[in-house]
Amino acid sequence: MIGYAMQKRLHHAFMMFLLALVLLVVLFPIYWMLLTGIKPKSELYLPEPTLWTNNPTLANVRSLFERTPFLIQMRNSVIVSTVTTTVTIVIGALAGYSLSRLRYPGRDFFASAIFFIYLIPGMMTLIPLYVLMSQLRLLNTLYVLMLCYLGFSTPFAIWVLKGYFTTIPYEMEDAALVDGCTRLEALYRVILPLAAPGLVACAIFAFTLSWNEYLLAMLFNNSRNLWTLPVGLAGLVYGDVFLWGEIMIGAFLMSLPVLVLYVLAQRFVVTGLTAGAVKG
Amino acid sequence: MANSSGSVRPLPSLTDQQPVTTRRKRAWWAREEVFLGYALLLPALLVLGLIVGYPAVSGIWYSFHNKMIGFANPRWVGLQHYSELIQNPAVQLSIWRTAVFAVVSVGIKLVLGLGVALLLNQNFRGRALARGVVLLPWSLPLVVGVLIWSWMYSDLFGVFNYLLIKAGLIRQPLNFLGDRDLAMPSVILVNIWRGFPFFAVNLLAGLQAIPDDLYEAGRVDGANRWQLFRHITLPGLRTVILIVSLLSFIWTANDFTSIWVLTRGGPGTATEIFPIITYKIAFIGLELGRAAAIPVMLLPFFTVLIVLLTRTITQREAES
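As given, the protein sequences belong to chains L and G, one line each in that order. Residue 752 is where the first sequence ends in our numbering, and the numbering goes up by one at each step. Residue 574 is where the second sequence ends in our numbering, and the numbering goes up by one at each step.
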């Protein structure tokens with residue numbers, strides 16, 4: 473019979489084996505993206521792909537920058553994402569403060585309505601949104617994306633910030649009010665600094681949402697020079713020429729900002745809804 | 255006397271006045287609070303009303319009209335779209351495919367995510383790093399993940415065909431995304447790869463919230479590993495499982511992007527879930543009104559899920 477210590481060690485070893493398997497499944501596609509991105513063209517389209525390359529190259533990056541509007545699309549993505557993020561934070565902080573600190577009729581209704589709105593799938597409003605934006609003559613601009621993404625990210629921001637503001641003791645704000653601050657000054661000077669992790673979470677959410685969104689960016693803008701990165705990269709697949717080296721290195725470049733943000737603050741973003749936004 | 259009483263008089267009136275002024279002040283404060291409350295909420299309400307509220311309502315209106323792209327005055331057609339769509343085999347099939355896609359995908363993500371959460375809950379060196387790595391597929395932009403898989407699936411130069419042939423599992427390269435029977439499992443696999451980390455990380459947080467004393471007590475009572483899991487872990491995770499599965503189901507059923515980039519709903523209509531057929535009717539067939547009726551038809555179903563989800567999350571927030 474196996475002893476208890478031995479059984480425990482076997483169990484542990486088996487667990488570690490399973491974990492290694494999971495990590496392999498997770499990492500292999502990412503490895504394949506990087507490898508494809510740095511392979512020379514001559515090694516890309518072989519009937520038997522190589523799992524390693526001895527000739528890493530930046531040729532795909534150069535080709536991506538010169539032959540496709542990647543850089544213009546990156547600029548579009550940066551503009552849309554930063555504007556959306558900034559405005560989301562402002563609107564979200566004001567509304568979150570209002571819903572958590574001020575008492576007025578209808579407050580609780582608005583709070584649950586906003587959360588409900590966050591969960592409404594985008595498909596439900598896609599067609600009327602298209603008609604509306606075409607009536608407002610906003611199609612084929614970057615504004616249309618900023619406006620729409622704002623509508624998707626604000627409910628989340630309000631919800632998270634409302635949770636954060638509720639945890640900040642009233643006394644701190646009262647002290648500022650007694651010292652002669654207006655409510656908005658108290659929000660700016662006292663409450664926002666204390667809710668910094670919540671602000672970070674909202675910023676990351678708004679940024680990644682605008683950075684990653686595909687459907688509206690594809691539907692609302694016709695010209696390649698108005699596309700954002702997801703649409704631009706996916707558009708390279710259906711061309712006449714195989715551009716997988718360019719697509720993969722472009723995919724990697726596009727992932728970098730998002731990955732950096734996640735490494736900095738992954739905990740808040742992923743478990744934000746389920747763990748309760750309250751815990752910091 | 256009269257003089258003195260006259261000089262005294264202001265005193266009580268002064269003390270009288272004080273509560274009056276504070277009461278007045280409080281009333282004024284209260285009014286300012288109401289005004290400020292609405293004023294600060296206003297930008298959010300405007301944006302949400304314009305981007306979500308108005309479209310949601312006008313979508314229902316369009317679904318009763320013969321709205322076409324490029325024609326200004328839609329004609330009222332009543333329930334015609336609905337009766338036509340309900341009997342349309344392509345639409346029925348797409349709703350069935352949506353159900354298969356979402357149920358199978360969420361089911362596997364849940365089981366896999368729970369397994370990985372249990373693994374990550376063990377004590378070992380580098381746990382934080384492993385947790386970060388597991389999260390990678392979820393943190394990559396959706397389109398990036400989808401493009402990688404699309405390339406790995408390639409029937410000509412794809413690494414999967416190479417590995418499978420090398421392992422002796424298949425003789426001829428498979429056309430993962432171009433084969434009628436393989437396309438659906440292939441897109442489901444992509445969805446699982448990207449989505450299971452969301453389950454794993456949230457379930458891990460749930461596991462860590464279960465107090466150790468419960469396990470202690472269970473062990474003292476002589477429970478084995480399976481019994482501990484069945485009677486302590488699973489009940490402890492019930493709410494998280496419900497929230498995560500509902501969220502994921504809503505997202506998966508509406509996942510236009512990954513299927514559009516992988517297969518455009520094809521081959522034929524093999525992966526045509528409802529967002530894809532809606533898009534095709536609206537923007538390739540140019541029949542906006544008819545297409546708008548499809549999401550409206552499904553709206554009651556999703557509303558039930560969303561209400562259930564909202565209630566669960568709000569209750570949870572209230573508890574913590």
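Cβ coordinates follow ideal geometry from the N, Cα and C atoms, glycine included.
Quick check on this structure: which residue in the options has the alpha carbon closest to the alpha carbon of residue i?
| i | options | result |
| --- | --- | --- |
| R565 of chain G | L:F588, L:P669, L:P528, L:L725 | L:F588 |
| N527 of chain L | L:G509, L:I676, L:Y636 | L:G509 |
| L633 of chain L | L:P600, L:T525, L:I544, L:A675 | L:A675 |
| F637 of chain L | L:G623, L:G652, L:Y621, L:A658 | L:A658 |
| H319 of chain G | G:Q569, G:A546, G:V561 | G:A546 |
| I592 of chain L | L:K511, L:G623, L:Q607 | L:G623 |
| A437 of chain G | G:A326, G:K321, G:W514, G:A344 | G:W514 |
| I442 of chain G | G:Q569, G:G361, G:T487, G:A344 | G:G361 |
| F537 of chain G | L:L687, L:G717, L:V494 | L:L687 |
| F692 of chain L | L:L523, L:V497, L:P600 | L:P600 |
| V288 of chain G | L:G578, L:T529, L:M690 | L:G578 |
| L490 of chain L | G:T568, G:I446, G:T532, G:G367 | G:G367 |
| P627 of chain L | L:L495, L:A585, L:A737 | L:A585 |
| G449 of chain G | L:L482, L:V498, L:M487, L:R481 | L:V498 |
| R544 of chain G | G:P439, G:L374, G:V397, G:E338 | G:E338 |
| M644 of chain L | L:M505, L:L664, L:L619 | L:L664 |
| V782 of chain L | G:L299, G:Y469, G:I446 | Residue 782 of chain L falls outside the range modelled here, since chain L spans only 473 to 752, and no answer is possible. |
| G717 of chain L | L:F677, L:P521, L:F581, L:A583 | L:P521 |
| T525 of chain L | L:L614, L:S535, L:P512, L:L536 | L:P512 |
| Y503 of chain L | G:A326, G:I402, G:I323, G:Y292 | G:I402 |
| A344 of chain G | G:I560, G:E573, G:G520, G:T568 | G:G520 |
| I560 of chain G | L:L614, L:P729, L:Y590, L:F486 | L:Y590 |
| A668 of chain L | L:S570, L:S572, L:M605, L:A737 | L:A737 |
| L617 of chain L | L:M690, L:F500, L:A567 | L:M690 |
Where does the unbroken alpha helix (DSSP H) through residue i begin, and where does it stop?
| i | result |
| --- | --- |
| Y660 of chain L | Here Y660 of chain L belongs to no alpha helix (DSSP H), and DSSP marks it neither H nor E. |
| W504 of chain L | 476-510 |
| C653 of chain L | Premise fails: C653 of chain L is in no alpha helix (DSSP H) and is neither H nor E. |
| G422 of chain G | No alpha helix (DSSP H) holds G422 of chain G; DSSP gives it neither H nor E. |
| Q607 of chain L | 598-607 |
| F588 of chain L | 579-591 |
| V455 of chain G | 437-462 |
| T529 of chain L | Looking at the DSSP string, T529 of chain L is not in any alpha helix (DSSP H), and its letter there is neither H nor E. |
| G564 of chain L | 542-573 |
| L389 of chain G | Premise fails: L389 of chain G is in no alpha helix (DSSP H) and is neither H nor E. |
| Q376 of chain G | Here Q376 of chain G belongs to no alpha helix (DSSP H), and DSSP marks it neither H nor E. |
| N684 of chain L | 668-684 |
| T613 of chain L | Per DSSP, T613 of chain L belongs to no alpha helix (DSSP H) and is neither H nor E. |
| I340 of chain G | 334-341 |
| I314 of chain G | 308-317 |
| S404 of chain G | 396-407 |
| R434 of chain G | Looking at the DSSP string, R434 of chain G is not in any alpha helix (DSSP H), and its letter there is neither H nor E. |
| W480 of chain G | 479-482 |
Does DSSP put residue i in a helix, in a strand, or in coil?
| i | result |
| --- | --- |
| W699 of chain L | coil |
| W524 of chain L | coil |
| P266 of chain G | Because the pLDDT of P266 of chain G is 39, which lies under 50, any placement of that residue in the model is unreliable, and the number read from its coordinates should be weighed accordingly. In this structure, P266 of chain G counts as helix in the three-state DSSP scheme. |
What alpha helix (DSSP H) runs, 4 residues minimum, are completely inside the segment 508-572 of chain G?
510-516, 528-533
Pairing CB atoms from the segment 322-335 of chain G with CB atoms from the segment 474-494 of chain G, are three or more of them under 8 Å?
Contact between the segment 322-335 of chain G and the segment 474-494 of chain G is absent, with fewer than three C-beta pairs closer than 8 Å.
Determine contact between the segment 492-511 of chain G and the segment 353-360 of chain G, defined as no fewer than three beta-carbon pairs at a distance below 8 Å.
yes
How do the segment 376-391 of chain G and the segment 540-557 of chain G stand: do at least 3 beta-carbon pairs fall below 8 Å, yes or no?
no
Give a yes or no on contact between the segment 524-539 of chain G and the segment 303-311 of chain G, applying the rule of three or more CB pairs nearer than 8 Å.
no
For the segment 695-713 of chain L against the segment 514-527 of chain L, do three or more pairs of beta-carbon atoms, one drawn from each stretch, fall closer than 8 Å, so that the two count as touching?
no
Can you confirm whether the segment 703-723 of chain L touches the segment 384-392 of chain G when touching is taken to mean that 3 or more C-beta pairs between the two stretches lie within less than 8 Å?
no
With three or more beta-carbon pairs closer than 8 Å as the criterion, would you say the segment 545-560 of chain L touches the segment 662-682 of chain L?
In the pairwise beta carbon analysis, the segment 545-560 of chain L is classified as touching the segment 662-682 of chain L: at least three pairs are separated by under 8 Å.
Are the segment 643-662 of chain L and the segment 717-731 of chain L touching by the rule of at least three beta carbon pairs closer than 8 Å?
With the cut-off at 8 Å, the segment 643-662 of chain L and the segment 717-731 of chain L do not touch.
Is the number of C-beta pairs between the segment 529-543 of chain L and the segment 425-432 of chain G that are closer than 8 Å three or more?
no
Would the segment 486-495 of chain G and the segment 461-471 of chain G be scored as touching if the rule is three or more Cβ pairs under 8 Å?
Judged by Cβ distances under 8 Å, the segment 486-495 of chain G makes contact with the segment 461-471 of chain G, as three or more pairs qualify.
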